Structure formats: C-alpha cells, structure tokens
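So the sequence shown is numbered by this note's numbering: it starts at 305 and just counts up by one.
Take a look at the structure set out below.
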Amino acid sequence: MDVELKKKLRNCDSEESLKALLREIRAGDLLPKEVEFLNHVMDKINPTAESTIAFLANHTIDPMARYTRVQCALNGAFISTYIGEYDQHFQEVLDSGSGLHQKGPDIIFLSLLLSKIAPQVAHQFTSLDLAEKEQEIDRIVSQITEWAEVAKETTDATILISNFSRPGYSQSGLADLQLSMSEAEFYARLNLELASNFRNDQRIFVFDTDHILACSGKAEAMDRKMYHLAKMAWSERANMRLADELCRYVHAVRRPAKKCLVVDLDNTLWGGVVGEDGLHGIKIGQGDAESEAYSEFQYAIRSLLDRGIVLAICSKNNSADVDEVFQNREDMILKKDDFSVIKVNWNPKYLNIQEIADELNISIDSLVFIDDNPAECELVKEALPEVTTIHLSGDPSGFTDILNHLNTFEKLVLTQEDKTKYIQYRQNAERETKKRSFRSMEDYLKSLGTTISIREASQQDVPRVHQLFTKTNQFNVTTKRYSAADIESFIQDSSFQLKLFQVKDNFGDLGIVGLYLVHVGEDQASIDSFVLSCRALGRGVETFIMNQIKEEFLFEKGFGCLTASFIPTAKNVPAANFYNEQGFIKTGQSEGEELYEMRKQDAKLIDCAAIQANVSED
C-alpha cells in the first residue's frame, strides 16, 4: 500500500469514499500492519455492516476476525464482528444474556483446537490403542454436535464449524502410516465424520480448515511462539488464507450467486486467434503446455454447469470459423450445446452482453464476463458497470486459479435444479423459437402442454426455497430475503403455509420455479410472499397459482378476505401490476408498501385453459 493511498485513507470521511479507495487494494499484497491500519480506518468511518460474524474459539481468534473484516471489505462487503469470550463457546449459546445473543450474528464461526478438547490425542497419540482412538472420534463429534444443536436452536445464524488440521509432523514420525489407526487416518476419519454428521443440515456447515492450511503450507501455518505467548493458533499468513475462505462464505450467505458466465473465445477459451491461426493453429488439447492450460481452463468452466451457472459466448469473430472449431476440434472440452446463448459477431461486446441477459431473461448484474483484451474489458466496465468483468492477463496456466478464486458463483448448497439449469435455459430458447411460428399467444401457450404440480415445502426443500427467496428479483412481490432458519420456522409453524410449484411442458421440466407464503389467520389469509422465477414468466403460471390460492382460502375454507402487499424495488417491475390483474383492490399504502385485499364475494377465477393442474398435498 503506497504512501499516497494511506494518506487518502486517513483523510477518508465517508462510506462511499472508503469503498472507492478499497477498490485500489489487492488483499494478497497486504502486510499485517496494513491490516491493522485498515481496521482502524473502518472503526473511524463505521460503515453500515452487511453481515455480523461471531467468532467463538478455545484459542485467540482476534487476528482472524480482523483479517476477515478487511478481506470482506476489499470484496465490497462491510461486516461487523463479535469475539466471544475465550473458551466459552457453550456458555455463549446457552446464556440468553451473552454478548453473542445481544449481537444477533448472521454467521457463527466455531474454531476449536484438539489440544484443549482432546489433549491426549494432541499430545499422547501414540499411547492410545485402536478402541480409544475410535472412542475419541465419537466423543469429539458428539460434543460438537451437541453445541451445534444448541446454537441452531437459540440463534437464527448460519453456523460454520472448523474441522481439525492434521499436524505438520506426526508423533510417530515415518512409522505413522504403519499404525492400526495412524495419526493421518485419525484426522481424516474425524473430519469425515464431522462432515457426514452435518451434510444434510441446511444451517450448519463444516469449514475446511485442514484443506486451507494444507494449501498454504502447514509448516508455516502455526506460530508456536505466539501460541505459547498469547494462545494465537495461526500465523499471519494462515489467518489471511482462512479469512479469504470465510469471506467466500459471507458472500454465499448474504448475496445471491451470479447466474451466468459470459466468455470470450480467442486467447480465452483457446490460445491464438482462429481467424488468423486457423482451425489447427489454435492452442487446445494435449501436447504442449499452452494447449493443456487452455484445456484445464475449459474443464474448470465446464464444472460451473453442474453448479447451476449458465454459460454464454460473446466474441468478435466470424461465426463460420467458430462453428468449425466446435464441429471439428474433438479436443475441445466445452461443446456448443454447453452454451445457452452464443453471440459471435462484430458488434460492441457490451451490446451483445445486454442481449445475452435479455435472452436469458435475467438481470444484467447476474452476469460475469471474462476476456483477455483489457480494452474490451474497460469498455464493458464503462457501459455495463453492473456486470462483473474479469480481465484474464498473463500466462493461461493461471486462468483456472483466477476463475476458482472468484466468490461470485459460490453457493452453500447445490440443488437438483442447479444441475439441469443450463438445459432448462436451452429449452427456453427452443420455446422462444417455436413461439415465433404461432400467430397468437393463446395458441402458442396451448401447444406447450404445461402442467403444474403444487405441494407443501418440506425440510428437504430448504436449499431451493432459500435460493428462490434470495435470488429472484423480477417477479418477487415483496423481495423479502428470508434466511434458512426463517424458512425452517415457516415449515414447522401451522399458521404459515409455504407451497412450491413445479412446471413441466412438452420441451422438458423447468423444475421448482416458484413459491408462495401465506400467513393464515382466523378469518383471513395474508399473502406474505409470491415468488416466480423469470424462466416461467409469460405463460400464465402466476395466474394459475393465484387461482389455486383463491380456491383454497376463499372458496374451500371460506375465509372472508385475502390480503396482500407489494413492495416496489428497482428490479421487480414485472410484478408491479400483479395484484391488480388478479382482481385485488388496492386499499392503501404504508411506508412504501402497497396494500391490497380481495373479499370472498368479489373473488373470481381467471381462465388458464392452457395449463393443467397436478395438485399434491404431500
């Protein structure tokens, strides 16, 4: 950090100016004293915190908290932190008057050292027989599970539990792997048991400290002198790596993942320029270092499809040349069908990127664009600042690391819908093509053969429900961002009805595309949320679902009134007239919230002849 930048930071007096200055800093370049300096600057400005993280540990964890605060700020998210009392993790969650409960964190991070909770394992491992080692694994996992259940019950936080880092040196030396249960096996089994124990929990996740420290080097991860002096478990370098990973979790918890990666082609997906080097002159495949680097990068991009990220191409090229590459270069890892939208022409890239967003029917800020050309990147940044633009510079062997280090695609849980999302977007394109062959929208909708299944949400649906609440912007009447804990509460609370709807048609299965949340009173029901994915818009799905709500609450259960509200945002314009169109009457407005109601005597169903129902109560 240069002297001039430090001076600007010292004189900084607003949150916006602080954000602008932080964009000039790379986290990997920071020295420990600079991390302290940035924490002091944030203390002075006191920016609005996006999230609160509570750190609980049986060692001194303050340094990691400071690094995390800086790392998150450099990634555009200001956070506040709470440091629990030393070795008081149980007391913090059990005592309703503790600092933890007063702070009300969004995330709780628990880090325990085995030297405190299993000293014999940490210091006298060779004295334990096989049965004792197995008992220790069970005891440690049981103790952590007990704490986690209490934390889950007494807070609404997402809970991160650090696993255990295998020591850099074994107590048995070279003979370790010859033992009936070696130290290496003990830590592997302990960490696997921990992961398995929480795998299906929607709020508790294992933080892979062992892997992170292995990547950065375990020999340098622990500062023994500082541990003995101040019970600091990790070195400055290790704290930086751990904070970087924790920042990814913060992003996944608080911000929706980006939906689409838009890629350039020449010197991005392959080496060289196909229009100049020709089909066999571009670098891809095996045989030389550059070609293998581009193949590795394509594998990394291909893996995003299984995480629910849609791929698109934006390239200044001759389309015939590009088609020839996909048709004739069998060593291409990515195939043409992997891309939902392809824009190969000589138009400005920012125009093509806007068209990609329009064709996918997603907001422009859901896109990430990668390109090797700095001039093209700057033009896109200037024209479309909402798009996350990544300049790929230097040796292509580093491209995979650049992609992997992005936190923009991070999700805590992958759902079945994620794995097939790119297919669903391709099917949408086929629907659009078919639509153009019909003279009327009514005939087109009838031709689709749409069926809708409606069912109650269950605990297994929490990840998908959470995605819909946090990621859906356009057709979201209130844009309330409920947490996993909130969703679990709705499912268990009989005064709420949370239902999901799944759409299928002749082209395929769109998956679970929406939900509604109704608060049920004595004589009236109130629609708290109505969310529909953009993939299902424009075919009457929202009207069909509202008919079901009217039938259940006004006609079958005989409620006197159905109420609802609409909270306008910059992005939910497509839902602005929804309640008017469904026959609701606007009754007023309160603090930016439009209030609506429908009386039983005024309720009418709206024709949805093009859609067939498959309503289930399970």
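A virtual CB, placed ideally from N, CA and C, is assigned to each residue, including glycine.
For clarity, every value in this text was computed on a predicted model and none was experimentally measured.
Among the options, the one whose alpha carbon lies nearest that of residue i
| i | options | result |
| --- | --- | --- |
| serine 751 | Ala761, Ala361 and Arg743 | Arg743 |
| aspartate 399 | Leu434, Asp512, Ala361 and Thr459 | Thr459 |
| serine 544 | Ile329, Gly585, Arg606 and Arg370 | Here the sequence assigns methionine to residue 544, which means serine is not the residue at that position. For methionine 544, the nearest C-alpha among the options comes from Arg370. |
| leucine 292 | Asn918, Ser830 and Lys725 | Past the edges of the chain, shown from 305 to 922, lies residue 292, and the structure says nothing about it. |
| proline 512 | Ile617, Ala523, Ala492 and Tyr531 | Reading the sequence as shown, one finds aspartate at residue 512 and not proline. Checking every option, the nearest Cα to that of aspartate 512 belongs to Ala492. |
| lysine 580 | Gly698, Asn622, Leu546 and Lys562 | Rather than lysine, the amino acid found at residue 580 in this sequence is glutamate. Minimum Cα distance to glutamate 580 is reached at Asn622. |
| histidine 823 | Ser869, Gly815, Ala358 and Leu814 | Ser869 |
| phenylalanine 382 | Tyr748, Gly612, His555 and Gln720 | His555 |
| serine 701 | Gln602, Asn780, Glu354 and Leu498 | Gln602 |
| glycine 812 | Arg735, Gln720 and Ala455 | Arg735 |
| aspartate 366 | Asp391, Arg759, Ala879 and Gln631 | Asp391 |
| leucine 498 | Arg443, Asp827 and Val454 | Arg443 |
| isoleucine 758 | Ala907, Gln852 and Ser697 | Gln852 |
| glutamine 428 | Phe857, Lys685 and Gln475 | Gln475 |
| methionine 305 | Asp699, Glu714 and Lys337 | Lys337 |
Separation of residue j from residue i, as counted between CA atoms
| i | j | result |
| --- | --- | --- |
| alanine 788 | lysine 407 | 19 Å |
| glutamate 921 | glutamine 506 | Confidence in glutamate 921 is poor, its pLDDT being 45 and thus under 50, which makes the residue's placement unreliable; the coordinate value appears in the next sentence. Roughly 23 Å separates the two Cα atoms. |
| leucine 899 | isoleucine 756 | 28 Å |
| aspartate 944 | isoleucine 674 | Shown here, the chain extends from 305 to 922; a query on residue 944 therefore has no answer. |
| leucine 464 | asparagine 711 | 17 Å |
| leucine 418 | serine 402 | 25 Å |
| glutamine 590 | valine 397 | 55 Å |
| tyrosine 786 | aspartate 610 | 25 Å |
| aspartate 527 | leucine 533 | 10 Å |
| methionine 850 | methionine 346 | 47 Å |
| leucine 478 | proline 471 | 14 Å |
| serine 321 | threonine 364 | 33 Å |
| glutamate 659 | valine 567 | 14 Å |
| glycine 585 | histidine 695 | 24 Å |
| arginine 558 | alanine 455 | 19 Å |
| leucine 718 | glutamate 354 | 24 Å |
| isoleucine 795 | leucine 615 | 34 Å |
| leucine 483 | isoleucine 448 | 27 Å |
| valine 648 | histidine 344 | 49 Å |
| isoleucine 791 | alanine 761 | 9 Å |
| leucine 335 | asparagine 315 | 21 Å |
| isoleucine 605 | alanine 488 | 33 Å |
| lysine 738 | glutamate 746 | 13 Å |
| histidine 393 | glutamate 450 | 12 Å |
| glutamate 663 | arginine 768 | 24 Å |
Contact under 9 Å by Cβ, residue i with residue j
| i | j | result |
| --- | --- | --- |
| tyrosine 729 | serine 599 | no |
| phenylalanine 490 | leucine 416 | no |
| glutamine 778 | cysteine 681 | no |
| lysine 323 | proline 351 | yes |
| serine 833 | leucine 841 | no |
| serine 466 | valine 510 | yes |
| glutamate 549 | glycine 575 | no |
| lysine 563 | leucine 671 | yes |
| leucine 836 | glycine 818 | yes |
| glycine 887 | leucine 749 | no |
| glutamate 654 | valine 781 | The question names glutamate, but residue 654 in the sequence shown is tyrosine. Cβ distance not < 9 Å, so tyrosine 654 and valine 781 don't count as in contact. |
| glycine 612 | lysine 723 | yes |
| valine 691 | isoleucine 666 | no |
| tyrosine 531 | alanine 525 | no |
| alanine 929 | threonine 704 | No information on residue 929 is available, as it lies outside the stretch 305 to 922 that the chain covers here. |
| alanine 829 | threonine 867 | yes |
Integer Cβ distance of residue i from residue j, believed to fall under 8 Å
| i | j | result |
| --- | --- | --- |
| tyrosine 873 | threonine 774 | The question names tyrosine, but residue 873 in the sequence shown is threonine. 14 Å between Cβ atoms; not a contact. |
| serine 619 | valine 626 | 7 Å |
| leucine 414 | leucine 496 | Their Cβ separation, rounded to whole angstroms, is 18 Å, which puts leucine 414 and leucine 496 out of contact at 8 Å. |
| cysteine 551 | threonine 372 | 6 Å |
| isoleucine 617 | isoleucine 646 | 5 Å |
| asparagine 362 | isoleucine 421 | 7 Å |
| leucine 378 | alanine 331 | 5 Å |
| glutamate 897 | isoleucine 915 | The Cβ separation is near 30 Å, so there is no contact. |
Test: residue i CB closer than 9 Å to a CB of chain D
| i | result |
| --- | --- |
| aspartate 581 | Among the chains of the structure shown, chain D does not appear; only one protein chain is present. |
Item to check | 3 or more residues per run - each beta strand (DSSP E) lying fully within the region 753–792 | outcome: Secondary structure in the region 753–792: the beta strand (DSSP E) runs of 3 residues or longer, each lying completely within the stretch, are 754–760 in chain order.
Item to check | 4 or more residues per run - each alpha helix (DSSP H) lying fully within the region 477–548 | outcome: Assignment of alpha helix (DSSP H) within the region 477–548, counting only whole runs of 4 or more residues, yields 487–502, 513–520 and 528–534 in chain order.
Item to check | beta strand (DSSP E) runs wholly inside the region 338–420, at least 3 long, in chain order | outcome: Correct list: 355–361, 383–387 and 411–415.
Checklist entry - Can you list, in chain order, the stretches of the alpha helix (DSSP H) that have 4 or more residues and sit fully within the region 870–904? => result Listed in chain order, they are 882–885.
Checklist entry - At what residue ranges does the region 707–747 contain a whole run of the beta strand (DSSP E), taking only runs of 3 or more? => result Listed in chain order, there is nothing to give.
Item to check | Uninterrupted alpha helix (DSSP H) stretches inside the region 563–646 (no shorter than 4 residues) | outcome: Given a length threshold of 4 residues, each whole run of the alpha helix (DSSP H) inside the region 563–646 is given here in chain order: 578–581, 593–609 and 623–632.
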